[in-house]
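Asks: Can you keep this structure in mind? I'll have questions shortly.
Numbering (my numbering), first residue to last: 543 to 781.
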């Protein structure tokens, strides 16, 4: 109990040291009714434009899962902060619009998660915004190994920053739920053929951290990571 109390004090103190609000991303999986994908996509676009427009608090976007365990599902993503969650639209007009434009085309609602962007461990956000496709990893860590994983990701971030033409975003789960992922890793690309291009990541990593360091990175990954759930997603619309 004393260890937990000390940990809580530590995290509270650290959160108070930074005045910059967390960049949060709420994700909601949605499965359209059979044959209703077009109506669903158009309905989400209309709803987002009215209540979650680009550049505003609680702006939202839509992604479709093309490969992975949830292929065929869509992911509705809302970006904001903890403060903006308090002002998210929840009135009758919003609920009515959602049901009329989106809800009537939904076959099933999936899991909802809340993520925060770790800017220190991420690289290439500006180029990421312009990408059409995304490779996402939901990472499940072994208990109490988060600090080791973070140290490894900071080293990896240096390699991505040095390559300059590559991007990697790191998200941390804000809600610890049973069976849920701990970390989200996302890489943006434009076309599947890009996956065959050698990024020179290993060479760049060892140039920074020394010969043989990539093997040590992989060994550390195996020690701290329990499992990974991968998806390929495509952007729907302009955001």
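We put the CB at the ideal spot given by N, CA and C, even for glycine.
Here's a check: name, in chain order, each residue in its chain whose Cβ is nearer than 6 Å to the Cβ of residue 781, leaving out the five neighbours to either side.
Replies: To locate residue 781, count along the chain shown from 1; it is residue 239. Cβ neighbours of residue 781 beyond the five flanking positions: 596, 603.
Asks: Looking at the strands, I want to know which residues DSSP matches up with residue 620.
Replies: Counting from one through the chain shown, the residue named residue 620 turns up at place 78. Residue 620 pairs with 568, 602.
Asks: What does DSSP give as the partner residues of residue 678 in its beta bridges?
Replies: Residue mapping note: residue 678 aligns to position 136 of the chain shown, counting from 1. Answer is 728, 773.
Asks: Name the one or two DSSP bridge partners that residue 710 has.
Replies: For the purposes of this step, residue 710 is identified with residue 168 of the chain shown, where counting begins at 1. Looking at the DSSP assignment, residue 710 forms a beta bridge with 665.
Asks: What does the Cβ neighbour count give for residue 624, buried or exposed, with the cut at 16 atoms within 10 Å?
Replies: Sequence index remark: in the chain shown, residue 624 carries index 82 (1-based). With fewer than 16 other Cβ atoms within 10 Å, it is exposed.
Asks: Answer yes if the stretch 698-709 comes into contact with the stretch 734-753, meaning at least three C-beta pairs across the two stretches below 8 Å, and no otherwise.
Replies: yes
Asks: Is it true that the CB of residue 755 sits closer than 9 Å to the CB of residue 708?
Replies: Translated into the one-based positions of the chain shown, residue 708 becomes position 166. Translated into the one-based positions of the chain shown, residue 755 becomes position 213. Taking 9 Å as the Cβ cut-off, residue 708 and residue 755 do not qualify as a contacting pair.
Asks: Touching or not, the stretch 599-617 and the stretch 564-581, by the rule of three or more beta carbon pairs under 8 Å?
Replies: yes
Asks: Rounding to the nearest angstrom, what Cα-Cα distance links residue 726 and residue 719 in this structure?
Replies: Within the chain shown, the letter at position 184 stands for residue 726. Within the chain shown, the letter at position 177 stands for residue 719. Answer to the nearest angstrom: the Cα atoms are 14 Å apart.
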